[in-house]
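Participant: Structure incoming, see below.
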Ligand SMILES: [Zn+2]
C-alpha cells in the first residue's frame, strides 16, 4: 500500500491537512546525486547533511530505487534543499541521478521511482492547496539536479489535481 508520508502525516488527516501546518506554494524535485546501482537510505543522506552542520536531513521525502517513499525532515518544518527557496517549499529527492562514474548527470529513475514520484506529487498537491508549481533544483541553481526537466515533466500535474472532482 502506498504510504507517501509515513511517520509524519497520520492517515486520518484529510486532504487539507497540509494547509494548516505550513504554507507551501511549490514542490521542488532533487536527485541524491548517487551513482546508478547504489542504494542509500534516509539515514545515510541525513548523515551527509548533518556532517555539513545541518540539524537534520534537508529533504522532506526520499524515493528509493525500489519506489518506496520515505519521510525525511517532517513536512511541517522548513527544509534545507534550495538556497533562498526553502520557505514555502517541499523538497523531494530520488536516489540516483548520476551515472556509474559518480559525476555525469543521468536520469536513472526506475519506473517504480517515476510512478512513486508522480503519486507523491499528486498526494502533496491535494494536501497543500496552496501549491501552484512543481520545479527542479536546477531552476534555481547552476546544477543539473535532478538530472531531468521537472518543470516540463510535471507542467500539467497541479492543474490536473485541481480539476479533480470535488477538489477546491
Ligand atoms: Zn538538488
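Numbering (the numbering used here), first residue to last: 4 to 171.
For every residue, glycine included, the Cβ atom is placed at its ideal position computed from N, Cα and C.
At the level of alpha carbons, what is the spacing between residue 168 and residue 33?
Facilitator: 30 Å
Participant: Less than 9 Å between the C-beta atoms of residue 65 and residue 48, yes or no?
Facilitator: yes
Participant: Taking the alpha-carbon positions, what's the residue 165 to residue 129 distance?
Facilitator: Spanning the alpha carbons of residue 165 and residue 129 requires a straight line of approximately 8 Å.
Participant: How long is the line joining the alpha carbons of residue 155 and residue 55, rounded to whole angstroms?
Facilitator: 32 Å
Participant: Please go through the region 136-164 and give each complete alpha helix (DSSP H) segment of 4 or more residues, from N-terminal end onward.
Facilitator: As far as the region 136-164 is concerned, its whole alpha helix (DSSP H) runs of at least 4 residues are 153-156.
Participant: Assuming residue 27 contacts residue 75 (C-beta within less than 8 Å), just tell me the rounded distance between them.
Facilitator: That belief does not hold up - the Cβ atoms of residue 27 and residue 75 are roughly 15 Å apart, past 8 Å.
Participant: I'd like to know if the region 117-132 and the region 84-92 are in contact, where contact means that at least 3 CB-CB pairs between them fall below 8 Å.
Facilitator: With a cut-off of 8 Å, the region 84-92 and the region 117-132 do not count as touching, because too few Cβ pairs lie within range.
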